[in-house]
Amino acid sequence: MYWAYFIMTFILFEFVWITLELNQKHSNKRIIKLHTFTNVIVAKQTKKHYNSRIWQNVEKNKIENLIDLHTEQLVHKSVKNGMFSSYHSLCNKRNDQMGDPPHKVNTDNKILFLNIQKEIFKSCENSFSEKIYENIFKNQKKYCNNSKNPPYVFHPIYSSVERKVNNSNRHTYTNRFKLNKYKNIFNYLNKKEECIYENNYIIPSCDITKIKKSIFTIHNTNFINKMFNIIKHNEEIKLYELDLFSDLIVRYLIEINGTVLSSLLALKHSMCMHIGGGNHHSKRDKGDGFCIFNDIAIAIDFLLLYKIIKNVIILDVDVHQGDGTAEIFQNHKHVKTISLHCKDNYPFIKKKSTIDIELNSYIEDDEYLKIYQNILNNIKPQKESIIFYLAGVDISKDDDLGLLLISDHGIYTRDYITYQMAFKNKIPIVTLLSGGYNECDQTLSEKHALTFRAAKAAWATRREHG
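Per mature numbering (1 follows the signal peptide of the UniProt record, and there is no 0): the sequence shown = residues -18 to -1, 1 to 448.
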């Protein structure tokens, strides 16, 4: 019995000994096998990384092509009313057949929408007939990335609706809302003596077909119909602190195109300035505070709809809280609303933004900029995102509706550090004009020009950030 155990132990010992000798003798084969195994793993990881990079490049090219496509469609083209004359007669005929009451506009009907669109084209074409703008389109230079200033967007209709005709008498549009400031800022930036910006501005299209879906997503249908009725029937009504009439509604619709176009240009060039926009008080079912349509919300919906971006920051430094955008995007997982505003100012019932910083009345530069710098420090890089910057100058100590005591240097510094933050974090930024209510037109133009000067100075340093 013991002999059997001894023999089995000896055989096991011999087997282990022979195995060790063979492994020592042919160790190179083991190394080769190990290298082969390692190479297979590395090759698989490399292929996976390579495929990921290819997919990222394909997606990047796809988005860039989308931006180019939508930009081309939203840029102004020479349009004659005659091309819509056949549609107009067809619309009238169709209305009679349908038996729609005259006060109701069925905006889901494409032909009726074209009827509204025809009136928009007519108003836009008339805006170019103003003497000061008679050569505006002809003398426009094409924008290129080597320009000394960032791209900027402007349409003559932003200010040219100030005068309207009713019962064969000319009436002057008078209101605290400073319609004249848009053309004054444009002329100030382009004046021959200084030429702060080159005349390579971009004019938004008069065709609102591209943004129709987003308008109806953001705003209530009844509210939109109410505004469209004013265009269709040439009505006049006092609402939202404004004297509303057809051309004024058209002006706000074109301004939406301007904001959407500006956001696309910002994504393409890293920055864009809009001499207009920033109607942050407009709610889903009504206008408010000189605002009719919420161009910021509509532009954001447009970008998200076409999957051009994934995340948005609304950086609102107008002295008045952006209660409309705060309400529309409350709890929205892709949109972050940041508002730095005077707590004692309009609106007196505030809405909840993602971040609300309320300022005491009459604060000055040092305190204001310290608070604002902390906000900027907390904005981090984020892929496929954009900043909508509402650069209101109603924080100025000279503003009639402001309640803050910020100097011109303070406004310039605020804007400059904002653009530097955006470049540092590689986040495209689109600037919207927003509030500014000084009664002196020259003073108001100079206040808003501070933002454009800061943008130009920051633009010159953009390549330092890679």
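Virtual Cβ for every residue (Gly too), placed ideally from N, Cα, C.
Please read these numbers as outputs of a predicted model, since none were measured by experiment.
Supposed close pair residue i, residue j - CB separation, criterion 8 angstroms
i	j	result
residue 390	residue 426	Not a contact, Cβ separation roughly 12 angstroms.
residue 296	residue 331	Actually they are not in contact, since the Cβ atoms of residue 296 and residue 331 sit about 20 angstroms apart, beyond 8 angstroms.
residue 242	residue 193	6 angstroms
residue 294	residue 370	7 angstroms
residue 182	residue 140	With a Cβ gap of about 18 angstroms, residue 182 and residue 140 do not count as contacting.
residue 217	residue 211	6 angstroms
residue 329	residue 303	6 angstroms
residue 106	residue 236	6 angstroms
residue 171	residue 434	6 angstroms
residue 325	residue 309	With a Cβ gap of about 18 angstroms, residue 325 and residue 309 do not count as contacting.
residue 358	residue 400	7 angstroms
Sequence-distant residues of its chain with Cβ nearer than 6 angstroms to residue i (five each side left out)
i	result
residue 166	423 and 427
residue 414	256, 259, 260 and 372
residue 436	394, 397 and 398
residue 527	Past the boundaries of the shown model lies residue 527; the chain is included only from -18 to 448, so the question cannot be answered.
residue 410	248, 249, 252 and 368
residue 176	none
residue 346	387
residue 204	none
residue 163	426
Contacting residues, own chain, Cβ-Cβ under 7 angstroms from residue i (five flanking each side not counted)
i	result
residue 131	179, 180, 438 and 441
residue 209	231 and 274
residue 382	419, 420 and 421
residue 336	318, 319 and 320
residue 305	263, 329, 332 and 333
residue 48	288 and 290
residue 45	290
Proximal residues to residue i (C-beta, below 8 angstroms), its chain only, five neighbours per side dropped
i	result
residue 350	341, 377, 386, 388, 392 and 396
residue 291	249, 285, 366, 367 and 368
residue 406	447
residue 57	184, 185, 186, 187 and 243
residue 213	98, 101, 102, 228, 231 and 232
residue 129	180 and 182
residue 443	402 and 405
residue 287	195, 196 and 199
With 16 other Cβ atoms within 10 Å as the buried cut-off, status of residue i
i	result
residue 138	buried
residue 354	buried
residue 344	exposed
residue 265	buried
residue 327	buried
residue 267	exposed
residue 188	buried
residue 51	exposed
residue 429	buried
residue 316	exposed
residue 363	exposed
residue 412	buried
residue 348	exposed
residue 318	buried
residue 73	Any reading at residue 73 needs caution, since the residue's pLDDT is 42, under 50, leaving its predicted position unreliable; the model's value is listed next. Buried, since its Cβ has 16 or more Cβ neighbours within 10 Å.
residue 201	buried
residue 352	exposed
residue 40	exposed
residue 262	buried
residue 173	exposed
residue 215	exposed
residue 360	exposed
Collapsed DSSP secondary structure at residue i in the structure displayed
i	result
residue 189	coil
residue 222	coil
residue 45	helix
residue 291	coil
residue 450	Within the shown structure, residues of the chain are numbered from -18 to 448, placing residue 450 beyond reach of any answer.
residue 161	coil
residue 283	helix
residue 183	coil
residue 298	strand
residue 40	helix
residue 134	strand
residue 439	helix
residue 84	Low confidence applies to residue 84: its pLDDT is 45, below 50, so where it sits in the model is not reliable, and the reading given next is rough at best. Coil at residue 84, not helix or strand.
Short CB-CB distance (under 9 angstroms) between residue i and chain C
i	result
residue 170	The displayed structure is made up of one protein chain only, and chain C is not part of it.
Counting only runs of 4+ residues fully inside the segment 319 to 362, write out the alpha helix (DSSP H) ranges in chain order. 347 to 359
Unbroken beta strand (DSSP E) runs of length 3 or more, entirely within the segment 228 to 259: which are they? 253 to 256
Ranges of the beta strand (DSSP E) found wholly within the segment 351 to 415, counting only runs of at least 3: 367 to 372 and 411 to 414
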